[in-house]
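Engineer:
Protein chains: 4
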Amino acid sequence: MRFFSDNAAPVHPAVLAAMAEADVLDTAYDGDRWSGMLDARLSALFETEVETLWVPTGTAANCLALAALCPPHGAVLCHHDAHIQNDECGAPEFYTHGAKLLLAGGEGAKLTPETLRALLGTIRKDVHQVQPHAISITNATEYGLVYRPDEVAAIGALAAEQGLALHMDGARFANALVHAGCSPADMTWRAGVTALSMGFVKNGGMGAEALVFFKRGLVEASRYRRKRAGLLFSKGRYLAAQILALLEEDRWLANARNANEGAALIAAAAGDRLVHTVEANEVFLRVSAEEAAALRAKGFDFYDWGPGEARLVVSWNQRAEDIRPLAEAIAALG
Amino acid sequence: MRFFSDNAAPVHPAVLAAMAEADVLDTAYDGDRWSGMLDARLSALFETEVETLWVPTGTAANCLALAALCPPHGAVLCHHDAHIQNDECGAPEFYTHGAKLLLAGGEGAKLTPETLRALLGTIRKDVHQVQPHAISITNATEYGLVYRPDEVAAIGALAAEQGLALHMDGARFANALVHAGCSPADMTWRAGVTALSMGFVKNGGMGAEALVFFKRGLVEASRYRRKRAGLLFSKGRYLAAQILALLEEDRWLANARNANEGAALIAAAAGDRLVHTVEANEVFLRVSAEEAAALRAKGFDFYDWGPGEARLVVSWNQRAEDIRPLAEAIAALG
Amino acid sequence: MRFFSDNAAPVHPAVLAAMAEADVLDTAYDGDRWSGMLDARLSALFETEVETLWVPTGTAANCLALAALCPPHGAVLCHHDAHIQNDECGAPEFYTHGAKLLLAGGEGAKLTPETLRALLGTIRKDVHQVQPHAISITNATEYGLVYRPDEVAAIGALAAEQGLALHMDGARFANALVHAGCSPADMTWRAGVTALSMGFVKNGGMGAEALVFFKRGLVEASRYRRKRAGLLFSKGRYLAAQILALLEEDRWLANARNANEGAALIAAAAGDRLVHTVEANEVFLRVSAEEAAALRAKGFDFYDWGPGEARLVVSWNQRAEDIRPLAEAIAALG
Amino acid sequence: MRFFSDNAAPVHPAVLAAMAEADVLDTAYDGDRWSGMLDARLSALFETEVETLWVPTGTAANCLALAALCPPHGAVLCHHDAHIQNDECGAPEFYTHGAKLLLAGGEGAKLTPETLRALLGTIRKDVHQVQPHAISITNATEYGLVYRPDEVAAIGALAAEQGLALHMDGARFANALVHAGCSPADMTWRAGVTALSMGFVKNGGMGAEALVFFKRGLVEASRYRRKRAGLLFSKGRYLAAQILALLEEDRWLANARNANEGAALIAAAAGDRLVHTVEANEVFLRVSAEEAAALRAKGFDFYDWGPGEARLVVSWNQRAEDIRPLAEAIAALG
């Protein structure tokens, strides 16, 4: 059983079905009827008028967002464990034409107003330093923690005070939402979020994410940037259809709930071994090399995460009965 | 009946079937078994060891190729009607970090050694001008003409003489190939081509193209560029599967042949109205505004292409019986 | 006697004297008293509040201007003989992060509303093409012609109508001004110019040009871009002092007048040999290879400018008595 | 008396004299006889064949070096207090087209093989992370410490082992050299340095630094990058003349020695107040706000450097008799 990541799981059957339905001739790029529905569908979901773009990957969503929020000579503040810093091969620098990521700390990859203020305090207001233009947070974080709406709002307030935009990398937005039990609106624009990378690939999609702008005027240039980056599919309807299928019947939330519950099962068995509280679908465990080997010998695959630690991620489609043996094996380590 | 472009047609059933087959858990990114087969499959096809990358769009393929062949301070020589110049929103400049496209002429968007030599003659060998590093040709061209292998080879010889790389934008490579009746090898590396954007989207694919390097050592940095551009799908198997499905049973060639034959049907009816010889699946017609309106009134859709001209493109899935009414309508214009 | 270019001439004695005067400790970068005077001095000259930056080279001035006026996904319209297109090694693309230069024609490197409209007519208003954001004209042009204020204004009106900014490459602005006999204001902002690269290096300076913004709000980001490009001298006072010294007592105009008059001397002798009307300090002559050799044999140096043509440029410090022998030698060619 | 920085001091008389001597017509750009002497002069100094470029600023030298050593998708390892990270407004990202600076620690802004290894240990060898291509060290460091040749060599050995280039930001190279008492060769290429930003501006120059390549093949593309960045002065002879004048009679070393000795005077008076050992011409002091105010009241100017600390820099032209009053004032603080 594989717990490497939720990013390679199969696709939800409804997604495949929707793609098959979209397999008819329609206008190219985003001129088709599926793409045409996205803005309205997501505006309804977020209870406000949003402007959206489909893109194929989370890195593309993040970086188009950052390019919309920060000029080449500016800086984005993020956590030193952020995906945009460590796992995108410099894509933010590519898309922003060289803006800098300035790094702050915080438990479990969570920024706080305090760590952000400390970082802001190190930036002189002169032309010799890049000036901050945006903050980027990941929800759920790279360590599986969830910013609650009030925590986002505290960072949103700081951003507003400092004249900064606020981006949320929501590769696991659904997982954060079902944990927090709040509305998409409360988690985002009501808390000051300017742009959201809304992830679907880790949630039953094949290759489609939604970039959601809560502030008007940002989407226009982003359309050019999307084309310019080679991201404008001529058959865009197959991307829009994926997103619409997952939103339908709240499948995206059901998928996230299932993954979170699977992780909770493991967490309950892991007890003191947990490196971080498990709030979404990722579990970080303290395990010795021998223990890791023992788990692998039983058929469980996962990544080592530094010495003495391991990361396990539960996917949207893994069932409780598949996960229980792993939970038992972890419990049996003692 | 729509003849706007071949880029929005439905997907070949075998492609959808292959994607459904790939709908199982496998290693992320390009670590899966489908992605793992691409190099060997394409090496066999091209009768030489090639290194390949799947990418989702033709623009991505073209621009990763150009970035591999030309430094930021260099230039790529191409036709002034080239897709990379006119239809990619500056993507070549984005990916190459600002290299210049220097433009040459030639009938029907075809470069010749002569037009290239004339352009090269205008470039002083000093640091005040960007120096040429690559030539890019499109086959079939933007006006539906086909470079024969010997024509490619003549440009390849010039490139070699001048120390330039040669890129082929093969968004309609299959259409060119079936027209020329030659092998993929004869059309590319044997004629001096360094890198090929091998198109599948216009040929029955959904969102997958192959970037093929005929020269070793270029793919490595391209892997980083692909990731850095947000093009590295975590579920890459769905892209590789599309390409493999179209190669299987030579579907890509059958699809191209069908589209070319459809265009030939129209061409035969068009006679003197043809702006360019029809060699692939695109037809450029002289039609007055009234004539264009008359055709549209009969249910045929297509783009105007400047005053008094129209472009019609036949897709892989359009059948002769669907096209004949158009041909007759054109013939009836007199 | 050298007539290669006006860009390598010695420095005006008043410039050297001013630099020696500035050779005292003062605040670094542009915090010194010389730099602090520039805005007021140039605002007085231009009869309006301008915001200015010193930079060391004309390429730097041009490209900081273009970066202020055009986003990476946009285009700048310019003449196909423009310095920014042919002689800056892609610096515009570097500074704008890959914006495209789209090229129009016109006699003697002069754009006209007509040639610009023809170019604009080729640009579709969709995301597949870079959209125009600015026009750049060179005054005096690369072929020594001068846009009169009404000609600039005609282009300025077109720019305003189309929502485009207008940049003037004024490497030889002084030469244009003394030919036109108009005020700096009439030649620039009153005619719709947004930003001016105001050249001093070809006019008796050592290494300092002024970038002049006629529209507020553009200078701020440009300060960061200037630093980011490594152009912010810590001893900026030596640059500001050069500009101030040339403005003092209208030395810049006297220098330009002298150079223009020298060119007129040559032009008068050249008669039918002139390729372009001589309006500034550049002369383009029809001369056979033998004639060119004959002139060189008499000690006159200049560039060949394509087959059968030569370019001669008169510098600020060349005296009539130095130029007369050249004029006579040209006249003697018959 | 100003101790803000050594970057705004007046220019050495010999430099001004040399610039006046260069005030004759010569070939443009770097075709003149002064520019033509640089390679040979610096090759003699470094006891090996070097390839060099003059540039106007230290930021330009650093960033052209980094662009020569690291691709856009790569990383440069440097200290978190490095000038390239904190004081160049993202110029390294601009010149390298978005390469990342990855940060390591070390006392007094000095990297060590250990801190570098620790940083290298965090970089996975996969396409999701930028891979290291170069190390950059500053000598003397931003905190006035000096890497001895054996310390540079230890880092050079690590660089060689890991296949990385080694860049030295030598804005205060002369100060480091006179402290270490070694040859330029021992401090650079014999210790594994690939490229050196050799500073003259802080050492009596006006606006000229030397970029020195110890490895062949790097200077060629750098020539294009220099032009493309607007750094190629048409009257380059005035830059080359500055460098040559400071090298003559070892003025650069005398100037550095004088500045270092001035700093030593202050250091001797400062005793326990020193934050860092004083090895070059910078002094970092612990002073309360009141103490700082007291010093300023006596006419001494300097920067605060975080709470409770101050930075004082001695310039090439400050004499012992000018500095002694400051030393006494510091001693008098008790």
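Residue numbers (the numbering used here), protein chains in the order written: chain W, 1 to 334; chain U, 335 to 668; chain V, 669 to 1002; chain F, 1003 to 1336.
Beta carbons: idealized from backbone N, C-alpha and C, even for Gly.
With DSSP as the reference, label Asp-520 of chain U as helix, strand or coil.
Structural biologist: What you label residue 520 of chain U is simply residue 186 of the second sequence in a count that begins at 1. Reduced to three states, the DSSP call for Asp-520 of chain U is helix.
Engineer: Starting from the Cα of Arg-1225 of chain F, find the closest Cα among F:Asp-1041, F:Asn-1088, F:Leu-1055 and F:Trp-1036 and give me that residue.
Structural biologist: For the purposes of this step, residue 1225 of chain F is taken as the residue at position 223 of the fourth sequence. The residue among F:Asp-1041, F:Asn-1088, F:Leu-1055 and F:Trp-1036 with its C-alpha nearest the C-alpha of Arg-1225 of chain F is F:Leu-1055.
Engineer: Taking the alpha-carbon of Ala-99 of chain W as reference, which of W:Pro-72, W:Met-19 and W:Arg-2 has the nearest alpha-carbon?
Structural biologist: For the purposes of this step, residue 99 of chain W is identified with residue 99 of the first sequence, where counting begins at 1. When each option's Cα is compared against that of Ala-99 of chain W, the closest is W:Pro-72.
Engineer: Return the bridge partner residues of Thr-1140 of chain F from the DSSP annotation.
Structural biologist: Position 138 of the fourth sequence, counting from 1, holds the residue named residue 1140 of chain F. According to DSSP, which records beta bridges pairwise, Thr-1140 of chain F is partnered with F:Asp-1171.
Engineer: Within 10 angstroms of the Cβ of Gly-605 of chain U, are there 16 or more other Cβ atoms? Answer buried if so, exposed if not.
Structural biologist: Sequence index remark: in the second sequence, residue 605 of chain U carries index 271 (1-based). Exposed is the call here.
Engineer: With a 10 Å radius around its C-beta and 16 neighbouring C-beta atoms as the bar for buried, classify Pro-184 of chain W as buried or exposed.
Structural biologist: Here residue 184 of chain W is taken as the residue at index 184 of the first sequence, counted from 1. Buried is the call here.
Engineer: Please list the partners that Lys-1229 of chain F has in chain U, where partner means a Cβ-to-Cβ separation under 7 Å.
Structural biologist: Translated into the one-based positions of the fourth sequence, residue 1229 of chain F becomes position 227. In chain order: Val-461 and His-462.
Engineer: Whole angstroms is fine: what's the gap from Ala-590 of chain U's alpha carbon to Asn-537 of chain U's?
Structural biologist: The residue you call residue 590 of chain U lines up with position 256 of the second sequence. The residue you call residue 537 of chain U lines up with position 203 of the second sequence. The alpha-carbon atoms of Ala-590 of chain U and Asn-537 of chain U are separated by roughly 7 Å.
Engineer: Going along the chain, which residues of the segment 738-762 of chain V sit with their C-beta nearer than 9 Å to a C-beta in chain W?
Structural biologist: If the cut-off is 9 Å between Cβ atoms, the segment 738-762 of chain V has Pro-739, Pro-740, His-741 and Gly-742 near chain W.
Engineer: Quick one: give me the first and last residue of the alpha helix (DSSP H) that Ser-703 of chain V is part of.
Structural biologist: On the third sequence, position 35 is the one that residue 703 of chain V refers to. From DSSP, the alpha helix (DSSP H) with Ser-703 of chain V extends over 701-714.
Engineer: Among W:Val-283, W:Asp-6, W:Ala-268 and W:Val-212, whose alpha-carbon lies nearest the alpha-carbon of Leu-64 of chain W?
Structural biologist: Counting from 1 along the first sequence, the entry for residue 64 of chain W is found at position 64. The candidate whose alpha carbon is nearest that of Leu-64 of chain W is W:Val-212.
Engineer: How would you list, in chain order, the residues of chain U whose beta-carbon sits under 7 Å from the beta-carbon of Arg-1225 of chain F?
Structural biologist: Position 223 of the fourth sequence, counting from 1, holds the residue named residue 1225 of chain F. Contact annotation for Arg-1225 of chain F against chain U: Val-461 [CB-CB distance below 7 Å, chain order].
Engineer: Please compile the residues from chain V whose C-beta is within a distance smaller than 9 Å of the C-beta of Phe-1215 of chain F.
Structural biologist: What you label residue 1215 of chain F is simply residue 213 of the fourth sequence in a count that begins at 1. Close to Phe-1215 of chain F, with beta-carbon spacing below 9 Å, lies no residue of chain V; the smallest spacing is near 17 Å.
Engineer: Measure the C-alpha to C-alpha separation of Arg-506 of chain U and Tyr-481 of chain U and round it to an integer number of angstroms.
Structural biologist: Residue 506 of chain U sits at position 172 when you count from the first residue of the second sequence. Residue 481 of chain U sits at position 147 when you count from the first residue of the second sequence. For Arg-506 of chain U and Tyr-481 of chain U, the distance between alpha carbons rounds to 12 Å.
Engineer: Rounding to the nearest angstrom, what Cα-Cα distance links Lys-793 of chain V and Asp-1008 of chain F in this structure?
Structural biologist: Position 125 of the third sequence holds residue 793 of chain V. Position 6 of the fourth sequence holds residue 1008 of chain F. Roughly 53 Å separates the two Cα atoms.
Engineer: Give the secondary structure of Ser-1224 of chain F by DSSP, where H, G and I count as helix, E and B as strand, and everything else as coil.
Structural biologist: In the fourth sequence, counting from the first residue as 1, residue 1224 of chain F sits at position 222. Correct three-state label for Ser-1224 of chain F: helix.
Engineer: Rounded to the nearest angstrom, what separates Leu-350 of chain U and Ala-542 of chain U at their Cα positions?
Structural biologist: For the purposes of this step, residue 350 of chain U is identified with residue 16 of the second sequence, where counting begins at 1. For the purposes of this step, residue 542 of chain U is identified with residue 208 of the second sequence, where counting begins at 1. For Leu-350 of chain U and Ala-542 of chain U, the distance between alpha carbons rounds to 12 Å.
Engineer: If you run the structure through DSSP and keep just helix, strand and coil, what is Cys-731 of chain V?
Structural biologist: The residue labelled residue 731 of chain V in the question sits at position 63 within the third sequence. Cys-731 of chain V: helix per DSSP, three-state reduction.
Engineer: When DSSP labels each residue in this structure, what does Pro-298 of chain W get in the three-state scheme?
Structural biologist: Numbered from its first residue, the first sequence carries residue 298 of chain W at position 298. Looking at the sequence itself, residue 298 of chain W is Lys, so the reference to Pro does not match. In this structure, Lys-298 of chain W counts as coil in the three-state DSSP scheme.
Engineer: Can you tell me whether Ser-1290 of chain F is buried or exposed, with buried defined as 16 or more other CB within 10 angstroms of its CB?
Structural biologist: Here residue 1290 of chain F corresponds to residue number 288 of the fourth sequence, with the count starting at 1. Here Ser-1290 of chain F is exposed: its Cβ has fewer than 16 other Cβ atoms, across all protein chains shown, within 10 Å.
Engineer: Count the other C-beta atoms from every protein chain shown that fall within 10 angstroms of the C-beta of Pro-347 of chain U, then say buried if there are 16 or more, exposed otherwise.
Structural biologist: In the second sequence, counting from the first residue as 1, residue 347 of chain U sits at position 13. Pro-347 of chain U is exposed by the Cβ-count criterion.
Engineer: Val-410 of chain U to Ala-452 of chain U, Cα distance in whole Å?
Structural biologist: Reading the second sequence from its first residue, position 76 is the one you call residue 410 of chain U. Reading the second sequence from its first residue, position 118 is the one you call residue 452 of chain U. If you take the alpha carbons of Val-410 of chain U and Ala-452 of chain U, they lie about 15 Å apart.
Engineer: According to DSSP, is Met-874 of chain V helix, strand or coil?
Structural biologist: Mapped onto the third sequence, residue 874 of chain V falls at position 206. Coil.
Engineer: Please confirm if Gly-98 of chain W has its CB atom under 8 Å from at least one CB of chain F.
Structural biologist: In the first sequence, residue 98 of chain W corresponds to position 98, counting from 1. It does: the Cβ of Gly-98 of chain W has a partner Cβ on chain F nearer than 8 Å.
Engineer: Grouping DSSP H, G and I as helix and E and B as strand, with all else coil, what is Tyr-637 of chain U?
Structural biologist: By 1-based counting over the second sequence, the position of residue 637 of chain U is 303. Of the three classes helix, strand and coil, the one that applies to Tyr-637 of chain U here is strand, per DSSP.
Engineer: Starting from the beta carbon of Thr-727 of chain V, find every residue of chain F whose beta carbon is closer than 8 Å, and list them in chain order.
Structural biologist: One-based indexing of the third sequence puts residue 727 of chain V at position 59. Those within 8 Å of Thr-727 of chain V in chain F are Lys-1229, Gly-1232 and Leu-1234.
Engineer: Grab the span of the alpha helix (DSSP H) containing Phe-284 of chain W for me, first residue to last.
Structural biologist: If you number the first sequence from 1, residue 284 of chain W lands on position 284. No alpha helix (DSSP H) contains Phe-284 of chain W, which is instead part of the beta strand (DSSP E) from 282-286.
Engineer: Using the three-state DSSP reduction, which class does Pro-483 of chain U fall into: helix, strand or coil?
Structural biologist: Taking the second sequence and counting its residues from 1, the one referred to as residue 483 of chain U is at position 149. Pro-483 of chain U: helix per DSSP, three-state reduction.
Engineer: Along chain F, in chain order, which residues have C-beta atoms closer than 9 Å to that of Asn-869 of chain V?
Structural biologist: Within the third sequence, the letter at position 201 stands for residue 869 of chain V. It should be pointed out that residue 869 of chain V corresponds to Val in this sequence rather than to Asn. Ordered by position in chain F, the residues that pass the 9 Å Cβ test against Val-869 of chain V are Phe-1235, Ser-1236 and Lys-1237.
Engineer: Going by DSSP, what residues sit across from Leu-196 of chain W in a beta bridge?
Structural biologist: Position 196 of the first sequence, counting from 1, holds the residue named residue 196 of chain W. BP columns for Leu-196 of chain W point to W:Met-168 and W:Val-212.
Engineer: Which residues share a DSSP beta bridge with Thr-720 of chain V?
Structural biologist: Counted from its first residue, the third sequence places residue 720 of chain V at position 52. Listed as beta-bridge partners of Thr-720 of chain V by DSSP are V:Val-880.
Engineer: At least one CB of chain W closer than 8 Å to the CB of Asn-509 of chain U: is that the case?
Structural biologist: Within the second sequence, numbered from 1, the residue matching residue 509 of chain U stands at position 175. No, Asn-509 of chain U lies away from the interface with chain W (no Cβ there is under 8 Å from its Cβ).
Engineer: Once the 5 residues before and after Gly-192 of chain W are set aside, which same chain residues still bring their CB inside 8 Å of it?
Structural biologist: Taking the first sequence and counting its residues from 1, the one referred to as residue 192 of chain W is at position 192. Closer than 8 Å at Cβ, skipping near neighbours: Val-152, Ala-153, Ile-155, Gly-156, Ala-157, Ala-159, Ala-160 and Leu-166.
Engineer: When you compare the CB positions of His-79 of chain W and Ala-109 of chain W, do they come within less than 8 Å of one another, or not?
Structural biologist: Translated into positions along the first sequence, residue 79 of chain W becomes position 79. Translated into positions along the first sequence, residue 109 of chain W becomes position 109. Contact flag set, yes.
Engineer: Which of helix, strand or coil does DSSP assign to Val-15 of chain W?
Structural biologist: The residue you call residue 15 of chain W lines up with position 15 of the first sequence. Three-state DSSP puts Val-15 of chain W in a helix.
Engineer: Only counting the same chain, and skipping five residues up and downstream in sequence, which positions put a Cβ closer than 6 Å to that of Ile-1125 of chain F?
Structural biologist: By 1-based counting over the fourth sequence, the position of residue 1125 of chain F is 123. Cβ within range, chain order: Gln-1131.
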